[in-house]
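Engineer: Below is one structure. I have some questions about it.
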Amino acid sequence: MAECVGVDSNTSGHSMDKSITLPPDEIFRNLENAKRFAIDIGGSLTKLAYYSTVQHKVAKVRSFDTTAKAPNDKLYEISVQEEVTARLHFIKFENAYIETCLDFIKDHLVNTETKVIKATGGGAHKFKELIEKKLGLNVDKEDEMTCLIKGCNFVLKNIPHEAFVYARHADSEFRFQTANPDIFPYLLVNIGSGVSIVKVESEDQFERIGGSSIGGGTFWGLGALLTKTKRFDELLQLASKGQHTNVDMLVKDIYGGSYGCLGLTGDLIASSFGKSATADKEFSKEDMAKSLLHMISNDIGQLACLYAKLHNLSRVYFGGFFIRGHPVTMHTITYSINFFTKGEVQALFLRHEGYLGAIGAFLKGAEEDNPNQYSWGENYAGSSGLMSVSPDMNPMQRARSGTFDMLEMDRLERQLVNLPLLQDPSSYIPDTVDLTEDALARDYWLYCFEDALDGVVKRAVASQPDIPEAVVRAEKFRQKYRHKLLTLRHQPFAYGSLTVRSLLDTREHCLNEFNFPDPYSKIKQRENDMALKHYQRTVESLDALSWEDRQFALVSGVLAGNVFDWGAKAVSDVLESDPGFGFEQCALFFVDNSGVDIILGVMPFVRELLSRGTEVVLASNSGPALNDVTNGELQILTERIAAMDPVLQAGLQEDRLTLVQSGSSSPCLDLSRLDKVLAMVVRERQTDLVIIEGMGRAIHTNYYATLSCESLKMAVIKNSWLADRLGGKLFSVVFKYEVPLGKVHHNGATLMLS
Amino acid sequence: MAFNGHQFDDDILDEDGTPSKQLRPDKEMPESAASAGRASSPRRTSNSMSRLRKDSMKKTRPPFPWFGMDIGGTLVKLVYFEPKDITAEEEQEEVDNLKSIRRYLTSNIAYGKTGHRDVHLELQDLTLCGRTGNLHFIRFPTQDLPAFLQMARNKHFSSLHTTLCATGGGAYKFESDFRTMADLQLHKLDELDCLIRGVLYIDSVMSRGLSECYYFENPTDPDHCIQKPYTLENPYPLLLVNIGSGVSILAVYSENNYKRVTGTSLGGGTFLGLCCLLTGCSTFEEALKMASDGESTRVDKLVRDIYGGDYERFGLPGWAVASSFGNMMSKEKRESVSKEDLARATLVTITNNIGSITRMCALNENIERVVFVGNFLRVNTLSMKLLAYAMDYWSKGQLKALFLQHEVQHLSEATPTSMLERAPSPLNAFLCLCVHPGLLWCSRSPAGASPSILTSSKDALLNLLHTPLAL
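Chains A and B, in that order, give the protein sequences.
Under the UniProt record's numbering, think of the first position of the first sequence as 1, with each following residue one higher.
Under the UniProt record's numbering, think of the first position of the second sequence as 1, with each following residue one higher.
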């Protein structure tokens, strides 16, 4: 069975402070622009979902009319505009708060078009009247399982690092899985009061292939009878302290050791509760709870394995209130799966497992908006992330800490897909260092980001000199980001694998939330302007060089602005050793910074490629991130340069030079989430060279990415710690040229020189 | 099927067992080769054979007393062969302590506080190794094994008989206790080997008269559910589910080719353990009695409790259990259920779960016949009918649940209460039969196939293990 329905028994045991005052900034954000509500009421938790339109400021650049002379000689105009985007809000709270929450929503709901609220979950019928009365909306019930699967598909598709493997005693408890673009088929084992085992084959096709009546309700019900403990959480806590060997009969209790010829070790449970078959012995609550937990987890794991085997499925996700982030149950289920499949199948859990029903119900209601045609991204600023649910924590505290959990997802402007040139999308990991697993690296980077915070705040304030309240907002940003860093220090797994990329992205999300859409816009503008003035001279001096010298100068130029001092010979050796280099059909160039980098470094390089007959696709960020050049800016810059440079002009006119958006607003690059248009262009142009430039894109991410075509990764390592990690020195230059196996002229080369 | 018909030949009955045809592929034992070599000569004509056999039988026939033991997680099952054809000469030769053991065992039905002899199981006038006598079935809790060993020591058991055939986990666990406390050597035998042999054997023995194997016709219709004999003429492949304290599921492809597919710790021990904790009972019989008087639907949450009826989208009937003990999440309901209800729910939960895992194994192994055996099913028609029902319903008639007469044969004519007093099941005896390969030759065999040996001699035992159970 799907969801738990034991509503009464859970909440009746304790009385929560129902007169809680909700901090509206934090919890029900954007209610005034909310429409389409959905609610999933489970045994103890309510999950509310809504869609809102979010107005937020974006920095836009607009080219001045070229015929009119710009007054202050600026290249382009920067304006901050209000933009409306869509956001999904999911809020999870204890059922005890449901009335307070409904009142709050009613008071703040402005939109009157909303007539219906989609509802699912075992508790939906119980609260139907209350919801209808309070909100004046019609409750429209949706099938639980359908909602669950819809929600599951949605998070698996849209949230990288959604799924994880749990390893209790490993360096990092959570090992996040790389998002496989192909999520089907999979098995979902939903452990509510009973167990449902569902095989999901496509977006709309799923089948309940089996189930079991021994589930969370059995643990709770039988546990309550045995231990006189009423609450599910308390039972789990008891279990985490118990010794099952006092209650269970083990193989060694029967055999004295292992049952060798069957490969059964002595510690295996031969008979659950086998030792309690006596009237004259007392057993501790903890021991019985532990034994019960093992019995149920093992049983579910065994059945799941049998079903996975029968249907030949290797991806098995576990969810339901029995799992819901409880380390104790994740551990026992994982153990059971490992035992029964001998490690062939991994038990997978989901970060947003608790929201699946609500997400699914919401999606059901929003079908006319076709939310599935968009890509969505987790907003790190507005989401609480995965909570630490240490079993040692008092269950009351735990219940409270999880009381208002939130997930926000932004609708992305464009649909994101894989770079078609990835060698193996299913094993691609963008990030070079996983800070979740590497504690030393984690400490270092968290410290770095904290240390840099003052500078970022200053920059943010400086970017809005005419707005006095910017100081206040910047301060709020500081608090929010510092709080995030603190959370991540304790729960590095909160948003999936912790990486330099996720730290950078979180900072961008926080800046956006406090309306600092592009703190670097003015700096970028100034630098672009200055660099542009040197363009012609640079090109002329490059043209005057011999081929070999020019290649070196070009590569040096790409790394422009960076201090470097390395032998020209080395670069030309690399380039010359591959006679094919530079005669590609089409090069895809992921660019980095504004100013000198793009104008004096990348553009001359592009020019060289174009003049050799290679088509060039320049991919730049869709939205601002640090001083990275955005697509909007690059459009203007390219036009300006083309006006001075016949080679680029011809390239644009003949459609051999194309500008595309990457789909990202991050200083890093995730090749598995790129603008669909980019992927299309890459395919059409038969791209056979990918150039990735800069620390964020070529070092923090993609350093180890393998592509199916030639690739060139170039960056200057501007961080001594990282330089050390990679075996170089500060300001080392990474110049990594790779040729895929099979197309080998030679195996490529990595230069790291200082 | 060699062991089901009468087509035995002398080769098979020969003491060396001529293992060529029946060598276990996975477990070739070095001893068998040696014994085959030694006994290769006396085998040409059937006349000389039987003479030789009688001679050798006398030689190899072990001295009394004859015992077989199965030391399980919960119970020790002991079979004792009491010779009734003792000659005056023998009577005189018989040492005193042997006499006293015989008298002690046969004149009592209770030993200490916890030992019992199951009189109703006694097999009389058996011919075993050329001797006629009665076979007694005795049981006592495994936890009282030290007392048993003490008794064996007091009665100087070791002076009579130094090797004892034993199976079950306890044969391993307590081996050194037997040696140190009672100066007894155990000859250990693998319990799953024994089990399979036993099942196949008992079927072959019983099919002479009654059919050993049976199933329930119309298991999903309580009014028309009747027990029907089933002929295990071509039994392979079959799934053998042994429900003791825990559960082992074996896929049997031939007599000598089987594998343990999986097992579960939710077995008879779990039923009894949970019942003891939930109801305060202390014996299997008590727990079963309570279960038969209870109502599980007060404890379990059914599909209809959640959906008001069937959950049609997934083809789940309203009566199906959605969550075992699911109603017990509610305090009010916890207070309103009886001990009997709890016992019943425990029984249903464990039984259904075994059914469910079995069904999945059958599908994965592509096997359609399932034989359920084991202690848990003794005097437990409730579970058997439930298993039959579950197998039939969830497989849409594809799977057949089979049971063995031997499990319940003494219960059919008994009234419910006396049923419950009868214990342990013939299965224990049955296991003992398997344990003691010598005994396999005893029961009601036609004169032609005279029992060959009952021996503790290691070689002979191993030979037997390699011999099809022809009669």
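Glycine included, every Cβ here is placed at the ideal spot set by N, Cα and C.
Note that the structure is a prediction, hence the values are computed from the model and not measured.
What residues from chain B crowd round G256(A), counting only those whose CB sits closer than 9 Å?
Structural biologist: Under the 9 Å cutoff, chain B gives G169, G170, Y172, K173, F174, E175, S176.
Engineer: Identify the continuous beta strand (DSSP E) that holds T349(B) and give its terminal residues.
Structural biologist: Taken as a continuous stretch (DSSP letters only), T349(B) belongs to no beta strand (DSSP E), being part of the alpha helix (DSSP H) at 339-365.
Engineer: For chain A, is any of its Cβ atoms less than 7 Å away from the one on L469(B)?
Structural biologist: For L469(B), the predicted structure reports a pLDDT of 21, less than 50, and the residue's modelled location is therefore unreliable. A value from the coordinates is still provided. With 7 Å as the cut-off, L469(B) does not count as an interface residue toward chain A.
Engineer: Is D565(A) helix, strand or coil when you go by DSSP?
Structural biologist: Since pLDDT at D565(A) reaches only 34, below the 50 mark, its modelled position is unreliable, and no value is offered.
Engineer: Using 8 Å as the Cβ pair cut-off and three pairs as the minimum, do the segment 615-631 of chain A and the segment 648-666 of chain A touch?
Structural biologist: At 8 Å Cβ cutoff, the stretches touch.
Engineer: Does the pairing of the segment 249-260 of chain B with the segment 293-312 of chain B give three or more beta-carbon distances under 8 Å?
Structural biologist: These segments do not touch.
Engineer: With DSSP as the reference, identify every bridge partner of C586(A), one or two as the case may be.
Structural biologist: Paired residue(s): E615(A).
Engineer: Nearest by alpha-carbon distance to V716(A): which of Q686(A), L412(A), D597(A) is it?
Structural biologist: Selected option, being the one with the closest Cα: D597(A).
Engineer: If you draw a straight line from the alpha carbon of L302(B) to that of G194(A), how long is it in whole angstroms?
Structural biologist: Taking the straight line from one Cα to the other gives about 10 Å.
Engineer: Identify which residue in V198(A), D299(A), Y259(A) has its Cα closest to the Cα of T334(A).
Structural biologist: Cα-wise, what sits closest to T334(A) is D299(A).
Engineer: Can you confirm whether M290(B), when its beta carbon is compared against all beta carbons of chain A, has any partner nearer than 7 Å?
Structural biologist: False, the Cβ-Cβ gap to chain A never drops below 7 Å.
Engineer: Report the neighbours of A322(B) on chain A: residues whose CB is nearer than 7 Å to its CB, in chain order.
Structural biologist: Going along chain A in sequence order, the residues near A322(B) (Cβ under 7 Å) are M1, S193, G194, S213.
Engineer: Span of the alpha helix (DSSP H) holding T487(A)?
Structural biologist: Note, T487(A): alpha helix (DSSP H), 470-490.
Engineer: At a Cβ threshold of 7 Å, is F325(B) touching chain A?
Structural biologist: Yes, its Cβ sits closer than 7 Å to a Cβ of chain A.
Engineer: I699(A) to C361(B), Cα distance in whole Å?
Structural biologist: When rounded, the distance between both Cα atoms is 50 Å.
Engineer: Is the segment 291-306 of chain A touching the segment 208-215 of chain A in the sense that three or more CB pairs, one from each, lie closer than 8 Å?
Structural biologist: With the cut-off at 8 Å, the segment 208-215 of chain A and the segment 291-306 of chain A touch.
Engineer: Please name the residue in Q585(A), L554(A), T100(A), E633(A) whose C-alpha comes closest to that of K522(A).
Structural biologist: Of Q585(A), L554(A), T100(A), E633(A), the residue nearest in Cα terms is E633(A).
Engineer: Is there a Cβ from chain A that is less than 7 Å from the Cβ of S395(B)?
Structural biologist: Not one chain A Cβ lies under 7 Å of S395(B).
Engineer: Check whether the Cβ atoms of K57(A) and V80(A) sit closer than 7 Å, and answer yes or no.
Structural biologist: Closer than 7 Å, so yes.
Engineer: Judging by CA-CA distance, which residue of M288(A), D369(A), M695(A) is the nearest neighbour of D431(A)?
Structural biologist: Minimum Cα distance to D431(A) is reached at M695(A).
Engineer: Going by DSSP, name the residue or residues bridged to L659(A).
Structural biologist: In DSSP, L659(A) forms a bridge with L618(A).
Engineer: N33(A): which of V54(A), L88(A), G354(A), A49(A) sits nearest, CA to CA?
Structural biologist: For N33(A), the nearest C-alpha among the options comes from V54(A).
Engineer: Counting pairs of beta carbons, one from the segment 449-464 of chain A and one from the segment 528-548 of chain A, are three or more of them closer than 8 Å?
Structural biologist: Short answer: they don't touch.
Engineer: Rounded to whole angstroms, what's the CA-CA distance from Q653(A) to D204(A)? Just pull it up for me.
Structural biologist: Their Cα atoms are separated by approximately 45 Å.
Engineer: Nearest to D410(A) by CA position, among N379(A), N158(A), K309(A), M330(A), is which residue?
Structural biologist: Ranking the options by Cα distance to D410(A), first place goes to N379(A).
Engineer: Measuring only between beta-carbons, confirm whether K273(B) sits less than 7 Å from chain A.
Structural biologist: Going by the sequence as given, residue 273(B) is Gly instead of Lys. Interface residue, yes.
Engineer: Can you grab the Cα-Cα spacing for the pair L274(B) / T227(A), in whole Å?
Structural biologist: In a straight line, the C-alpha of L274(B) is about 12 Å away from that of T227(A).
Engineer: Considering only residues of the same chain and omitting the five flanking positions on each side of D645(A), which have a CB-CB separation below 7 Å?
Structural biologist: Closer than 7 Å at the Cβ level, and outside the excluded window around D645(A), lie V539, R607.
Engineer: With Q237(A) as the anchor, note down where its alpha helix (DSSP H) starts and where it stops.
Structural biologist: Start and end: 232-241.
Engineer: Does any C-beta atom of chain A lie closer than 7 Å to the C-beta of residue 482(B)?
Structural biologist: Any question about residue 482(B) goes unanswered here, given that chain B covers just 1 to 471.
Engineer: Just to confirm before moving on: does the CB-CB distance between Y230(B) and Y214(B) stay below 7 Å?
Structural biologist: Cβ distance < 7 Å, so Y230(B) and Y214(B) count as in contact.
Engineer: Pull up the distance between the alpha-carbon of Y737(A) and that of V690(A), whole angstroms please.
Structural biologist: Roughly 10 Å separates the two Cα atoms.
Engineer: At a CB distance below 9 Å, what residues from the segment 371-392 of chain B approach chain A? Give them in sequence order.
Structural biologist: Within the segment 371-392 of chain B, no residue has a Cβ that lies closer than 9 Å to any Cβ of chain A.
Engineer: To be precise: take each residue of the segment 97-120 of chain B, compare its Cβ to all Cβ atoms of chain A, and keep it if any distance is under 9 Å. Which residues remain?
Structural biologist: Result list empty, no residue passes.
Engineer: Only counting runs of 4 or more residues, tell me where the alpha helix (DSSP H) segments fall wholly within the segment 286-370 of chain A, in order along the chain.
Structural biologist: Listed in chain order, they are 327-341, 356-365.
Engineer: Taking C-beta pairs closer than 8 Å, name the residues in chain B that D248(A) reaches, listed in chain order.
Structural biologist: Here the neighbours are S265.
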